[in-house]
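S.K.: Using the working numbering, you'd call the opening residue of the sequence shown number 4 and step up by one each time. Note that the Cβ used here is the ideal one computed from N, Cα and C, for glycine as well. None of these values were measured; they are calculated from a predicted model.
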Amino acid sequence: MPTVGKGQASASRCRCDEAKTPVHGYLHSMVEIGMMKVLMDHEIFDAIPGDGSISIRELADNTGAELAILERFSRFLVAARVLSSPSQGSIAHTPISQKFQDPRAKVLFSHMFDFILVPATEWSEYFDLNGLAEPKNPNRTPFGLAAGHPNKSFYELLDTMPERAGSFNSMAAALGEMPVTGLYDFNWPSLDVAAGDICMMNFGGKWRDESMFHELASRSGLKISSISKGKNSDFADIEMVPA
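Laid out in structure tokens, this is it:
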């Protein structure tokens, strides 16, 4: 992905902290996030030249978007330093917007928008209905409420939403290509882990070395009960139960 050069950082950083009050800062963030999602969905960032600028009118003609809405969005995103405007009526990329030409960034942003932000907008209603407590059942969650099916589980809903399911799977695949910035230390906890209190542990990830999972299970007082691997992928789902 493109990186922000030292001399460009201040010119392209988020301006949320410049808002008059924290409330205005949150408002600016919400508007910006919504605009970014729309422009990514309609491939507007891809239509802006990587080098140089383009007139907003030409961008509208090239993408089929209405000129007025692109002008409105562009004014906000230029003020937010997501885009730049080298001359009146034209826009160009900044290091921030260039990142969203990368398919991995698009997939991850869309995932966070659809699976985190949208359900979060229903938190107030969800907690009004269920009390201020964590979800106790997989078929009663904010995601289900936001999707219009408050009594269906996450995976039941994905079965009825092919586009969202495809987005979810694309995100999982993209994560495998992203650079690793650190490794989790599986030496914790000590062998005194309270395995007797565990009914089942389920996790998924990229399949590498079966012996690694058996070693992890034995250190935790567990044993592998099942391993499910996809036919056309290198991902697996592993279940462990008390030994």
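Inspect the beta-carbon positions of Ser-100 and Val-110 and report whether they are closer than 9 Å.
M.R.: No.
S.K.: Mapping DSSP to helix, strand and coil, what is Lys-226?
M.R.: Strand at Lys-226.
S.K.: Exposed or buried, which one is Glu-128 when buried takes at least 16 other CB atoms within 10 Å?
M.R.: It is exposed - the Cβ of Glu-128 has fewer than 16 other Cβ atoms within 10 Å.
S.K.: For Gly-67, count neighbouring C-beta atoms within 10 Å of its own C-beta (all shown protein chains included) and say buried if the count is 16 or more, exposed if not.
M.R.: That one is exposed.
S.K.: For a test of the three-state rule: what should DSSP assign to Val-244, helix, strand or coil?
M.R.: DSSP places Val-244 in strand when its eight states are reduced to three.
S.K.: What is the DSSP secondary structure of Leu-194, counted as helix, strand or coil?
M.R.: Below a pLDDT of 50, predicted positions are generally treated as unreliable, and Leu-194, at 47, falls in that range; the measurement from the model is reported next regardless. Correct three-state label for Leu-194: coil.
S.K.: Taking buried to mean at least 16 other C-beta atoms within 10 Å of its own C-beta, is Ser-247 buried or exposed?
M.R.: The structure shown does not extend to residue 247, since the chain is modelled only from 4 to 246, so the question has no answer here.
S.K.: Within the chosen definition, does the segment 110 to 126 reach the segment 51 to 70 through at least 3 CB pairs nearer than 8 Å?
M.R.: Touching, no.
S.K.: State the start and end residues of the unbroken beta strand (DSSP E) segment that holds Ile-94.
M.R.: Start and end: 93 to 96.
S.K.: Whole angstroms is fine: what's the gap from Gly-53's alpha carbon to Ser-173's?
M.R.: Whole-angstrom Cα-Cα distance: 25 Å.
S.K.: Near Phe-146, what residues of its chain come up, given a Cβ to Cβ distance below 6 Å and the 5 sequence neighbours on each side ignored?
M.R.: If we look at Phe-146 and ignore the five residues flanking it on each side, its Cβ neighbours are Pro-122 and Phe-157.
S.K.: Can you give the beta carbon distance from Ile-94 to Ile-36, rounded, assuming they're within the 8 Å contact cut?
M.R.: Ile-94 to Ile-36, Cβ: 19 Å. No contact.
S.K.: Mind checking whether Phe-79 and Met-33 have CB atoms under 9 Å apart?
M.R.: No, these two residues do not count as a Cβ contact at 9 Å.
S.K.: Who are the near neighbours of Leu-73 in its chain, counting only those whose CB is closer than 7 Å to its CB and skipping five residues on each side?
M.R.: Contacts found: Ile-59, Leu-62 and Ala-63.
S.K.: Report the start-end ranges of each alpha helix (DSSP H) in the segment 108 to 153 that is 4 residues or longer and not cut off at the edges.
M.R.: Runs found: 126 to 133 and 145 to 149.
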